[in-house]
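Peer 1: In the UniProt record's numbering, the protein residues as written are 1 to 767.
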Amino acid sequence: MEAAEKATCRSVDNFNPLITTIFQVSCILVISHMFHILLKPLGQPGPFAQLLAGVVVGPTLLSRIRRVEDFFIQASSAEYYMFFSFLCRMLFMFSIGLETDIPYLKRNIRVVSIVAGGGIILSSICAAPLLWLLIKVFTVTKSRFPFYLLIFTVLANSASPVVIRMIAESKFDNADLGRLAIYSSLISEMSCVAFVATLTACSSTIRLVGAIIATLVTVLLIFLNNYLPFVFNKRNRHNRFLTNSELFLIIFILLAISLLVESAGYTAITCCFLAGLMFPREGKTCRTLLHKLTYAVNTFVLPVYFGYTGFQFNISKIFNKLTLILTVLIILLSAGTKIVATLAACYYLKIPRNESLILSFLLNMKGNYDLIIINSPPVPKMLWENDIHDLFLSVVVLKTLILAPVVAIWLNRGEFCAHYPTTLEILNPESYLSLISALSGCPNATLNPYVAHLVELRKKKKSKLMYHQLEDGDQYSDEEEYGGNDVVQITNALDSFISETKIPVHEAKIVSSFLTINQDVCNGAVDLRVSIIFLPFHKHQRVDGKMENSMEGIRTINQKVIRHAPCSVGIFLDRGQTGFQQPHGSLSVQNIATFFFGGPDDREALACSKRILMHSQVSLTVFRFIQANSSIQNSWISDASHKDEEVVMAISSIGTENEMDNVFVDSFYNRYVAQGKASLIEKYVSDGAETLVALREILDNMYSLVIVGKGGRENSSLTIGMSDWEECPELGLVGDLLASSEMNFSGSLLVIQQHRHSEEDEAFISP
Numbered sequence: 001m002e003a004a005e006k007a008t009c010r011s012v013d014n015f016n017p018l019i020t021t022i023f024q025v026s027c028i029l030v031i032s033h034m035f036h037i038l039l040k041p042l043g044q045p046g047p048f049a050q051l052l053a054g055v056v057v058g059p060t061l062l063s064r065i066r067r068v069e070d071f072f073i074q075a076s077s078a079e080y081y082m083f084f085s086f087l088c089r090m091l092f093m094f095s096i097g098l099e100t101d102i103p104y105l106k107r108n109i110r111v112v113s114i115v116a117g118g119g120i121i122l123s124s125i126c127a128a129p130l131l132w133l134l135i136k137v138f139t140v141t142k143s144r145f146p147f148y149l150l151i152f153t154v155l156a157n158s159a160s161p162v163v164i165r166m167i168a169e170s171k172f173d174n175a176d177l178g179r180l181a182i183y184s185s186l187i188s189e190m191s192c193v194a195f196v197a198t199l200t201a202c203s204s205t206i207r208l209v210g211a212i213i214a215t216l217v218t219v220l221l222i223f224l225n226n227y228l229p230f231v232f233n234k235r236n237r238h239n240r241f242l243t244n245s246e247l248f249l250i251i252f253i254l255l256a257i258s259l260l261v262e263s264a265g266y267t268a269i270t271c272c273f274l275a276g277l278m279f280p281r282e283g284k285t286c287r288t289l290l291h292k293l294t295y296a297v298n299t300f301v302l303p304v305y306f307g308y309t310g311f312q313f314n315i316s317k318i319f320n321k322l323t324l325i326l327t328v329l330i331i332l333l334s335a336g337t338k339i340v341a342t343l344a345a346c347y348y349l350k351i352p353r354n355e356s357l358i359l360s361f362l363l364n365m366k367g368n369y370d371l372i373i374i375n376s377p378p379v380p381k382m383l384w385e386n387d388i389h390d391l392f393l394s395v396v397v398l399k400t401l402i403l404a405p406v407v408a409i410w411l412n413r414g415e416f417c418a419h420y421p422t423t424l425e426i427l428n429p430e431s432y433l434s435l436i437s438a439l440s441g442c443p444n445a446t447l448n449p450y451v452a453h454l455v456e457l458r459k460k461k462k463s464k465l466m467y468h469q470l471e472d473g474d475q476y477s478d479e480e481e482y483g484g485n486d487v488v489q490i491t492n493a494l495d496s497f498i499s500e501t502k503i504p505v506h507e508a509k510i511v512s513s514f515l516t517i518n519q520d521v522c523n524g525a526v527d528l529r530v531s532i533i534f535l536p537f538h539k540h541q542r543v544d545g546k547m548e549n550s551m552e553g554i555r556t557i558n559q560k561v562i563r564h565a566p567c568s569v570g571i572f573l574d575r576g577q578t579g580f581q582q583p584h585g586s587l588s589v590q591n592i593a594t595f596f597f598g599g600p601d602d603r604e605a606l607a608c609s610k611r612i613l614m615h616s617q618v619s620l621t622v623f624r625f626i627q628a629n630s631s632i633q634n635s636w637i638s639d640a641s642h643k644d645e646e647v648v649m650a651i652s653s654i655g656t657e658n659e660m661d662n663v664f665v666d667s668f669y670n671r672y673v674a675q676g677k678a679s680l681i682e683k684y685v686s687d688g689a690e691t692l693v694a695l696r697e698i699l700d701n702m703y704s705l706v707i708v709g710k711g712g713r714e715n716s717s718l719t720i721g722m723s724d725w726e727e728c729p730e731l732g733l734v735g736d737l738l739a740s741s742e743m744n745f746s747g748s749l750l751v752i753q754q755h756r757h758s759e760e761d762e763a764f765i766s767p
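(1) Would you kindly work out how many angstroms separate the C-alpha atoms of R287 and R281, rounded to a whole number?
(2) Answer with buried or exposed for S356, where buried requires no fewer than 16 other C-beta atoms within 10 angstroms of its C-beta.
(3) Do you know offhand how far I503's Cα is from C728's?
(4) CB-CB under 6 Å to V647, same chain, minus the five flanking residues each way: which ones, in chain order?
(5) Mind reading off the beta-carbon distance from L528 to N174? Whole number of angstroms is fine, and I expect it under 8 Å.
(6) Looking at the strands, I want to know which residues DSSP matches up with I707.
(7) Which same chain residues end up closer than 6 Å to L470 when comparing Cβ atoms and leaving out the 5 residues on each side of it in sequence?
(8) Using 10 angstroms around the beta-carbon of F745, count the other beta-carbons present and answer buried if the total reaches 16, otherwise exposed.
(9) What residues in its chain sit with their C-beta under 7 Å from that of S32, if we drop five residues either side in the sequence?
(10) By the 10 Å Cβ neighbour count, where 16 or more other Cβ atoms means buried, how is T218 classified, buried or exposed?
(11) Which one or two residues does DSSP pair with M547 in a beta bridge?
(12) Do G732 and D574 come within 9 Å of each other at the CB atom, strictly closer than that value?
(13) With a 10 Å radius around its C-beta and 16 neighbouring C-beta atoms as the bar for buried, classify F15 as buried or exposed.
(14) Apart from the five residues on each side of it in sequence, which residues of its chain come closer than 7 Å, Cβ to Cβ, to V193?
(15) Grouping DSSP H, G and I as helix and E and B as strand, with all else coil, what is G721?
(16) For a test of the three-state rule: what should DSSP assign to R281, helix, strand or coil?
(17) Which one of F668, F84 and L290 has the shortest CA to CA distance from T100?
(18) If we call anything under 9 Å between Cβ atoms a contact, is M166 one with A404?
(19) To the nearest angstrom, how far is it from the Cα of V68 to the Cα of G553?
(20) Using the three-state DSSP reduction, which class does F241 fall into: helix, strand or coil?
(21) To the nearest angstrom, how far is the alpha carbon of L259 from that of Y80?
(22) Out of curiosity, what's the CA-to-CA distance linking F572 and L613?
(23) Residues in the same chain with beta-carbon distance under 7 Å from I540, minus the five sequence neighbours each way, listed in chain order, please.
(24) So what's F319 in DSSP terms, helix, strand or just coil?
(25) Go through its chain and collect everything with a Cβ distance to R555's Cβ below 6 Å, but skip five positions before and after it.
(26) Does the stretch 181-190 come close enough to the stretch 209-226 to have 3 or more Cβ pairs within less than 8 Å?
(27) Measure how close the beta-carbons of F596 and F625 come, nearest whole angstrom, since I'm counting them as under 8 Å.
(28) Which same chain residues end up closer than 8 Å to L383 when comparing Cβ atoms and leaving out the 5 residues on each side of it in sequence?
(29) Find out if the Cβ-Cβ distance for the pair V521, L457 is shorter than 9 Å.
(30) Could you check where the beta strand (DSSP E) with L398 kicks off and where it finishes?
(31) Compute the distance between the beta-carbons of Q753 and I562, then report whether it is under 9 Å.
(32) Which residues in the same chain as F300 place their Cβ atom closer than 8 Å to its Cβ, once the five residues preceding and following it in sequence are excluded?
(33) Give the straight-line distance between the Cα atoms of T285 and L293, rounded to the nearest whole angstrom.
(34) Quick one: is T205 buried, meaning 16 or more other Cβ sit within 10 Å of its Cβ, or exposed?
(35) Span of the beta strand (DSSP E) holding G570?
(36) So, F94 versus F273, is the Cβ gap smaller than 9 Å?
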């Protein structure tokens, strides 16, 4: 490390090294944010701007000035820089573990392991001839085994923090390919750490003892992280977040045990990652850590860490002809190895070629564990020769600086992160929490629910209290005054639901005016690649059974979201105790009814019903409404006793999409009805009056939920006359009728509209 070399050449610090370290961190933060502001419109990611900021501050540019060099690079400054780097590394690895999608990793562990393993295996093979070449060039006579581990790590490692930030800033982290890249890089990096640590531990008895100690303290950290949240959640039962002192205790334990692992001679990144990965996801403790760490890590920790990486790089060290040739050779070999291995793995997994190529470039990012090996060899009291250190440091920094802009441009082209799918029809199959519970009934379901608390933005009241006058725990009062007591009630309901069902639910809050909150909802749906949005109905049921208007503003928001949503939309009318209840943990069967009159909205409603049908405590009955004089003939045999819960669906065969309706219902019959998983009943009616009579007969049965498509049935003979009492057009004719008090229906109602792509949507949604 250049800073370390020059620091050891001086015996006296001209300035306080702590002050110089803080000033260096401040310079990196300011310059990196300036670069990010300038480069973001060009599609360049944050890690590129932060690395570039470090290069500018370091010996490559500003630190070439003698006075700047004397200020930044002193006798003991390198130790401070390394400690700051250690703190940053521990925090972001713990944060990465917290944010890891464990259900996704479990479902796709085979695919992720094959993609990551291909690069590791080929790199271990290619490291051998490169080791032979570099031994000849640098005349390495001792420590050849650690030298091989260094070469292997530089070739095989994928820097997960760089990959994660690049994908997140490209709004690519909810796409399948983006998540595959993230978890492949994580598996690759953790495998490199495990490989190097295992071989190092086997090299001597002392190193083996150190490995045992590191393992034991990691297990201790995981145990404490599973015990403390339980205690803190009980202590803060009526608060949304933990206090600062409780948060500090968790971070202090994390850093203290990480220092123990480092003192044993091993890197603590695996320890911190596993601590975050095994951390309980339920309750206020995890919410507080994510709330505090996410902003701090993305805004301060990672910019400083990436900036310090660039600060160590000195471009003058590669002006030597031999060093330049070796740098180019290793960069090409490293990139080629990763690309070939990833393409081969993706070919085996039948991943499309264009996705395979972008994945191979993403896994070529460097700048985390490889830097640890470069700066701290896996042998105690050992330092690499200056030429070796400068060579591999240049490889890591230059490779990331070269490839990061290329990958960012590729990602921003949009062909890999298209908003897909926007409907449920093309997918395999406390009010909203009951829907989430039912939709996650399939054991292999890929449900990823987000609960958004919509809060009206009002004029902020200025507090007369200074920050130090706030009581402990009030540090979030500035943010939490939006939403009032509802915030705590919502989070408590979510905590209970997650604890009981083990379904991970992401919580978010959107604070905006009623005029623009629908736009924030739609933009959020685009960013998260949402397939369906569920909205609350603007009315609620009184004790006497009558429907009462809760807030007209909610209705306006619903109408705007339905009109401009980038995906399918469902409006859910919850009727409390008489309506749909959470199936998880319930001994009673939920009977659900879906009405199908035909058209894209009803097909989407049937697709949603199929997902709910996967739950063991749900019984589905599908009702198809057909014109009485229709010539449609089906060989279906109606059976209402195939499942523990019935779902009623009314299906219509009118309109130009009649053939698509027949195909869709036929597929549903063959897959579910014929196998006894659901029931299908046909209702032949002539006009709206007969349809109304049929609906009343069906609703006489105790159905806890009715699902129906919004539909465009104004001109249908099946609904003639039903529009005379229409009150809520956003529910459609049938949905509006079922929501009215006149129907005497005590169950819940879900009205679904399938996404309709239009140029208006593109103009409405900001990129």
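We treat Cβ as the ideally placed atom computed from N, Cα and C, and that holds for glycine.
Peer 2: Let me spell this out:
(1) Residue numbering aside, residue 287 sits at position 287 when the sequence shown is read from its first letter. Residue numbering aside, residue 281 sits at position 281 when the sequence shown is read from its first letter. C-alpha separation (whole angstroms): 8 Å.
(2) What you label residue 356 is simply residue 356 of the sequence shown in a count that begins at 1. Buried, because 16 or more other Cβ atoms sit within 10 Å of the Cβ of S356.
(3) In the sequence shown, the residue the question calls residue 503 occupies position 503. In the sequence shown, the residue the question calls residue 728 occupies position 728. When rounded, the distance between both Cα atoms is 33 Å.
(4) Taking the sequence shown and counting its residues from 1, the one referred to as residue 647 is at position 647. Here V647 scores only 45 on pLDDT, less than 50, and its place in the model should not be relied on; the value that follows carries that caveat. Here the set comprises I592, A593, T594, S609, L620 and T621.
(5) Within the sequence shown, numbered from 1, the residue matching residue 528 stands at position 528. Within the sequence shown, numbered from 1, the residue matching residue 174 stands at position 174. That belief holds up - the Cβ atoms of L528 and N174 are roughly 5 Å apart, short of 8 Å.
(6) Walking along the sequence shown from the start, residue 707 turns up at place 707. Partner(s): T594 and L750.
(7) For the purposes of this step, residue 470 is identified with residue 470 of the sequence shown, where counting begins at 1. Summary for L470: the model assigns pLDDT 48, below 50, so the residue's position carries little reliability; its value from the coordinates is reported in the next sentence. So no residue of the chain qualifies.
(8) Within the sequence shown, numbered from 1, the residue matching residue 745 stands at position 745. Buried, because 16 or more other Cβ atoms sit within 10 Å of the Cβ of F745.
(9) As a first step, residue 32 is located in the sequence shown; it is residue number 32 there, counting from the start. Only A49, Q50, A53, P303 and G307 meet the Cβ criterion.
(10) Counting from one through the sequence shown, the residue named residue 218 turns up at place 218. Label assigned to T218: buried.
(11) Start at 1 with the first residue of the sequence shown, and residue 547 comes out as number 547. Note: M547 sits in a beta bridge opposite Q541.
(12) For this step, residue 574 is matched to residue 574 along the sequence shown. For this step, residue 732 is matched to residue 732 along the sequence shown. The answer is no: Cβ separation not under 9 Å.
(13) As a working mapping, residue 15 is identified with position 15 in the sequence shown. It counts as exposed.
(14) Reading the sequence shown from its first residue, position 193 is the one you call residue 193. These residues qualify, in order along the chain: T267, I269, T270 and Y369.
(15) Taking the sequence shown and counting its residues from 1, the one referred to as residue 721 is at position 721. Note: G721 maps to coil in three-state DSSP.
(16) As a position in the sequence shown, residue 281 is number 281, starting the count at 1. It is coil, neither helix nor strand.
(17) Residue 100 sits at position 100 when you count from the first residue of the sequence shown. Ranking F668, F84 and L290 by Cα distance to T100 puts L290 first.
(18) On the sequence shown, residue 166 is found 166 positions in, with the first residue counted as 1. On the sequence shown, residue 404 is found 404 positions in, with the first residue counted as 1. Yes, Cβ-Cβ distance for M166 and A404 is below 9 Å.
(19) Here residue 68 refers to the residue found at position 68 when the sequence shown is read from its first residue. Here residue 553 refers to the residue found at position 553 when the sequence shown is read from its first residue. Going from the Cα of V68 to the Cα of G553 covers about 59 Å.
(20) Here residue 241 corresponds to residue number 241 of the sequence shown, with the count starting at 1. Reduced to three states, the DSSP call for F241 is coil.
(21) By 1-based counting over the sequence shown, the position of residue 259 is 259. By 1-based counting over the sequence shown, the position of residue 80 is 80. About 15 Å.
(22) One-based indexing of the sequence shown puts residue 572 at position 572. One-based indexing of the sequence shown puts residue 613 at position 613. If you take the alpha carbons of F572 and L613, they lie about 18 Å apart.
(23) Here residue 540 is taken as the residue at index 540 of the sequence shown, counted from 1. With the sequence shown as reference, residue 540 is identified as His, and Ile is not the correct amino acid for it. Closer than 7 Å at Cβ, skipping near neighbours: E548 and S550.
(24) As a working mapping, residue 319 is identified with position 319 in the sequence shown. If DSSP states are grouped into helix, strand and coil, F319 belongs with coil.
(25) If you number the sequence shown from 1, residue 555 lands on position 555. So the qualifying residues of the chain are H538.
(26) no
(27) Your numbering for residue 596 matches position 596 in the sequence shown. Your numbering for residue 625 matches position 625 in the sequence shown. With a Cβ gap of about 7 Å, F596 and F625 count as contacting.
(28) As a first step, residue 383 must be located in the sequence shown, where it is residue number 383. The residues are P377 and H389.
(29) For this step, residue 521 is matched to residue 521 along the sequence shown. For this step, residue 457 is matched to residue 457 along the sequence shown. No, the pair does not count as a contact, with Cβ atoms beyond the cut-off.
(30) To locate residue 398, count along the sequence shown from 1; it is residue 398. Unbroken run through L398 is the alpha helix (DSSP H), N386 to N412; no beta strand (DSSP E).
(31) Here residue 753 refers to the residue found at position 753 of the sequence shown. Here residue 562 refers to the residue found at position 562 of the sequence shown. Yes. Within cutoff.
(32) As a position in the sequence shown, residue 300 is number 300, starting the count at 1. For F300, where only same-chain residues beyond five positions count, the Cβ hits under 8 Å are L29.
(33) On the sequence shown, position 285 is the one that residue 285 refers to. On the sequence shown, position 293 is the one that residue 293 refers to. So the alpha carbons of these two residues sit roughly 12 Å apart.
(34) Start at 1 with the first residue of the sequence shown, and residue 205 comes out as number 205. Its Cβ having fewer than 16 others within 10 Å, T205 is exposed.
(35) For the purposes of this step, residue 570 is taken as the residue at position 570 of the sequence shown. It spans S568 to L573 - the beta strand (DSSP E) in which G570 sits, taken as one unbroken run.
(36) Here residue 94 is taken as the residue at index 94 of the sequence shown, counted from 1. Here residue 273 is taken as the residue at index 273 of the sequence shown, counted from 1. Contact flag set, yes.
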